[in-house]
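Worksheet: one structure, shown below.
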Amino acid sequence: MIIKPELDVDGDVHMQIQQLRNEAFPDHAVPRSYFKQLPHYRALRFHEQQLIATMGLDYRVMSVGDEVIKVLGIIDLCVAREYRGQGIAGSMLEQLSDMASERDVDFLLLMADQPEFYQRHGFLEQEQHSQWLKIREHKHYGIAHECLYDMMVKPISGKPWPTGNLDWLGYMY
1 MIIKPELDVD GDVHMQIQQL RNEAFPDHAV PRSYFKQLPH YRALRFHEQQ LIATMGLDYR
61 VMSVGDEVIK VLGIIDLCVA REYRGQGIAG SMLEQLSDMA SERDVDFLLL MADQPEFYQR
121 HGFLEQEQHS QWLKIREHKH YGIAHECLYD MMVKPISGKP WPTGNLDWLG YMY
């Protein structure tokens, strides 16, 4: 797996990301390599010149109650259909956890519809009252205030998840 700043990802790789992302998330298919917003980084796994797995990475601060936390968000983790079931996604999550533990990251965070998979890799379900910037098709629609039931976190720095409402300080992945 290689991790590249978004600015360094070329057009061919963006096309492969778009194809892979739209195949993995057909209900959210769009004519670009991201759904709501460009991530800061891309984690990419290739077989020869073909992209076989990817995830976006968003590094930011968020606030929970009165505490500020540093979060590395995981966006749109997907593996090409013919490579699924080979441990690629799990391997990418483990490599990312190792990398994050050597940096200034308190938590990995993602939204999941398959929590069992992520639980096997150290993620915990976190029911969370939250607020975030609502974005759709490059327009914002105000601030959402809802309880999230599909959010998962993985502690990295040893800090426990704080008590209180979560402010994403931006859009939700």
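For the sequence shown, the UniProt record's numbering assigns the number 1 to the initial residue and increments by one for each residue that follows.
Built from N, CA and C at the ideal position, the CB exists for glycine as well.
Bear in mind that the values here come from a model prediction, so they are computed numbers and not experimental data.
- Secondary structure of Q119 (DSSP, three-state): helix.
- Membership of G11 in the alpha helix (DSSP H) is indicated by the continuous run 11-24.
- M62 is positioned such that its CB atom lies no closer than 9 angstroms to that of L96.
- For D27, the secondary structure class from DSSP, reduced to helix, strand or coil, is helix.
- Using a Cβ distance threshold of 9 angstroms, A100 and L72 count as a contacting pair.
- Approximately 10 angstroms separates the beta-carbon atoms of K154 and D106; this is outside 8 angstroms, ruling out the contact.
- Taking the CA atoms as reference points, R120 sits about 21 angstroms from L148.
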